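Colleague:
Residue numbers (my numbering): 8 to 324.
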């Protein structure tokens, strides 16, 4: 297998990242920026290409590229179908569009699938035959590893755990429904919950983000600690469902809200103890070890596994 690096992107609803990844998983160069999530397809592609230029200016030329992005998407066809966190992204042939700009073949994968694979290979889930990875950030995504393989389902649509229903009502989810795990337990939901309380106080304080609430709780703020405990219960309810569905060897939590894992964990575990059947309660619950790099590490592995096929396609073309 070639020693040349691959170029990987992680496109999130809030941040987007790019990295040149060596065959051993080392990051040779990296760049990131806010995602222009409300500005449409062109603005996001421009941003990804700008990040790619910064990486390529400081490292060796890559052989191919990979993009992990929020679902739902068609990984085989290289199309993003309708990600709720990106405005205007409906049935977009992103692999072809980005590949044309970069002059490289571009593979597409669900971001949580890539992160799950990264954590199984090099992170918290090393050695686990089955793993459920939950990314809790702007939204909630999931990647499921079963017997060492990513569970893809029909059309590659498996693992959209953020849109399983865990309550009858909630604020409207980005998908248009109510009661979704994402609408009740994402980082965005934690920020909204805090904002509602603060509006009730009418003290003129700007609305917080989920990260703001976690940081306030860490400083000992009593309201923030109460909100974090409530949020942990919602996460625990969703996690209990995942344990019943997949019976993984390990459940791994990543994403931006994982920076508060130590604060959320007691309430999560208490809810799992209440909601999960006894045989499922002792499943290890771990914080992701790779942090923001999990998707990039998994995506690099996916691209490298596909390099022989990509090379044949180029010759035939």
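Ideal placement from N, C-alpha and C gives every residue a C-beta, glycine not left out. Since this is a predicted model, take the numbers as computed values, not measurements.
Mapping DSSP to helix, strand and coil, what is residue 156?
Modeller: Three-state result, residue 156: strand.
Colleague: Per the DSSP calculation, residue 15 is bridged to which residue(s)?
Modeller: In the DSSP output, where bridge partners are listed per residue, residue 15 has 26, 73.
Colleague: Can you give the Cα-Cα distance for residue 67 and residue 275, rounded to whole angstroms?
Modeller: About 44 Å.
Colleague: Is it true that the stretch 71–87 meets the stretch 33–41, where meeting means three or more beta-carbon pairs spaced less than 8 Å apart?
Modeller: Not touching, per the Cβ criterion.
Colleague: Counting pairs of beta carbons, one from the stretch 183–190 and one from the stretch 226–239, are three or more of them closer than 8 Å?
Modeller: The stretch 183–190, when compared against the stretch 226–239, does not touch it at the 8 Å Cβ threshold.
Colleague: Using three-state DSSP, classify residue 189 as helix, strand or coil.
Modeller: If DSSP states are grouped into helix, strand and coil, residue 189 belongs with the helices.
Colleague: Going by Cα to Cα distance, which pick from 50, 170, 232, 162 is closest to residue 94?
Modeller: It is 50 whose Cα lies nearest to the Cα of residue 94.
Colleague: Quick one: give me the first and last residue of the beta strand (DSSP E) that residue 46 is part of.
Modeller: First-last for residue 46: undefined, no H or E at that position.
Colleague: Mapping the DSSP letters down to three states, classify residue 175 as helix, strand or coil.
Modeller: Residue 175 falls in the coil class under three-state DSSP.
Colleague: From the DSSP secondary-structure annotation, give me the bridge partner or partners of residue 147.
Modeller: Answer is 143, bridged to residue 147.
Colleague: In the DSSP output, which residue or residues are listed as bridge partners for residue 116?
Modeller: Residue 116 is bridged to 75.
Colleague: Exposed or buried, residue 92, counting other C-beta atoms within 10 Å across all chains shown (16 or more means buried)?
Modeller: Buried: at least 16 other Cβ atoms inside 10 Å.
Colleague: Around the C-beta of residue 58, are 16 or more other C-beta atoms found within 10 angstroms, so that it is buried, or is it exposed?
Modeller: By the 10 Å Cβ count, residue 58 comes out buried.
Colleague: Would you mind stating whether residue 169 and residue 304 have Cβ atoms separated by less than 8 Å?
Modeller: For residue 169 and residue 304, no; Cβs fall outside 8 Å.
Colleague: Helix, strand or coil for residue 125 per DSSP?
Modeller: DSSP places residue 125 in helix when its eight states are reduced to three.
Colleague: Just mark residue 24 as buried or exposed, buried being the case when its beta carbon has 16 or more other beta carbons within 10 Å.
Modeller: With 16 or more other Cβ atoms within 10 Å, it is buried.
Colleague: Which value, in whole angstroms, describes the spacing of the CA atoms of residue 242 and residue 131?
Modeller: Going by the C-alpha atoms only, they are around 19 Å apart.
Colleague: Identify whether residue 226 lies in helix, strand or coil by the three-state DSSP scheme.
Modeller: Here residue 226 sits in coil by DSSP.
Colleague: If the criterion is Cβ atoms closer than 8 Å, does the pair residue 306 and residue 62 meet it?
Modeller: No; because the gap between Cβ atoms is not below 8 Å, this pair is not in contact.
Colleague: Which first and last residues belong to the alpha helix (DSSP H) in which residue 276 is found?
Modeller: First-last of the alpha helix (DSSP H) with residue 276: 268–282.
Colleague: Quick one: what's got a C-beta closer than 8 Å to residue 154's C-beta in the same chain, skipping five residues either side?
Modeller: So the list reads 136, 137, once near-sequence residues are dropped.
Colleague: Could you spell out the range, first to last residue, of the alpha helix (DSSP H) harbouring residue 103?
Modeller: Counting along the chain, the alpha helix (DSSP H) containing residue 103 begins and ends at 101–109.
Colleague: Quick one: what does DSSP say residue 285 is sitting in, helix, strand or coil?
Modeller: Helix.
Colleague: When we look at the beta-carbon of residue 315 and count the other beta-carbons within 10 Å, is it buried (16 or more) or exposed?
Modeller: Burial call: exposed.
Colleague: Put residue 311 into one of helix, strand or coil per three-state DSSP.
Modeller: It is helical.
Colleague: Could you tell me the alpha carbon to alpha carbon distance between residue 81 and residue 97, rounded to whole angstroms?
Modeller: Rounded to the nearest angstrom, the two C-alpha atoms are 12 Å apart.
Colleague: Note the first and the last residue of the continuous beta strand (DSSP E) segment covering residue 297.
Modeller: Neither: residue 297 is in no beta strand (DSSP E) and is coded neither H nor E.
Colleague: Can you list, in chain order, the residues of its chain whose CB lies under 7 Å from that of residue 296, leaving out five sequence neighbours each side?
Modeller: Excluding positions up to five away in sequence, the list reads 126, 130, 131.
Colleague: In whole angstroms, give me the CA-to-CA distance for residue 196 and residue 285.
Modeller: C-alpha separation (whole angstroms): 29 Å.
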